[in-house]
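Trainee: One structure, pasted below without further comment.
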Amino acid sequence: MKKSKVLIISAVLGIIYSIYLISYFGGAAFGSNNSTEALGGAIATALVTPHMICVVLAAIFNTLGAFLNKAGFALTGAILYCVAGVVFIMYIMFVIPMIILSFIGYRGVKKNLAKSN
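Quick note, the working numbering runs 283 ahead of the 1-based positions in the sequence shown.
Below is the structure:
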C-alpha cells in the first residue's frame, strides 16, 4: 500500500520541532548559572510544557499514521497539533504547517484505504 508523503513530511517537521522545543526549553531550565535566570527558565518551561507534550504526541501519532496507514492515527496527530496551537497561542505559527499537512495526509490515507477495499 502507498504511504502518504504529506503525512511523512508533517511527521518529520513535528519531530524536528519537538527536538527543538525539548532542547531549547530544557537548556533554559537547567543550563543557567544565575538563580534568577534559572527561575525564569523554569517558569517558561512550565508554561510551554503542555504545548511540548501535545507536539511530541502529535509527531508520534503522525509517524504511526504514515507508516501503518492508519487514518485514525493521522487524524489524532492533526487534532493534537491543533490543541498544541491553542494551548500556547504564541507558538501557533510553528504548528500551522503541521496542522495543514496532517489533515491533508489524513484525507490521503483515508482515500488510499477506501481504494484498497
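Note that beta-carbon positions come from the ideal geometry of N, C-alpha and C, so glycine has one too.
Counting only the same chain and skipping the five closest in sequence on each side, list residues whose C-beta sits under 7 Å from that of isoleucine 305.
Mentor: Closer than 7 Å at the Cβ level, and outside the excluded window around isoleucine 305, lie Met335.
Trainee: When you compare the CB positions of lysine 286 and phenylalanine 350, do they come within less than 9 Å of one another, or not?
Mentor: In this structure, phenylalanine 350 lies closer than 9 Å to lysine 286 by Cβ.
Trainee: Which residues bound the alpha helix (DSSP H) around asparagine 395?
Mentor: Here the alpha helix (DSSP H) through asparagine 395 covers 375-399.
Trainee: Compute the distance between the beta-carbons of leucine 384 and leucine 296, then report whether it is under 9 Å.
Mentor: Against a cut-off of 9 Å, the Cβ pair of leucine 296 and leucine 384 comes out as a contact.
Trainee: Give, in chain order, every unbroken run of the alpha helix (DSSP H) that is at least 4 residues long and sits entirely within the region 287-322.
Mentor: Counting whole runs of 4 or more residues, the region 287-322 contains the alpha helix (DSSP H) stretches 288-313.
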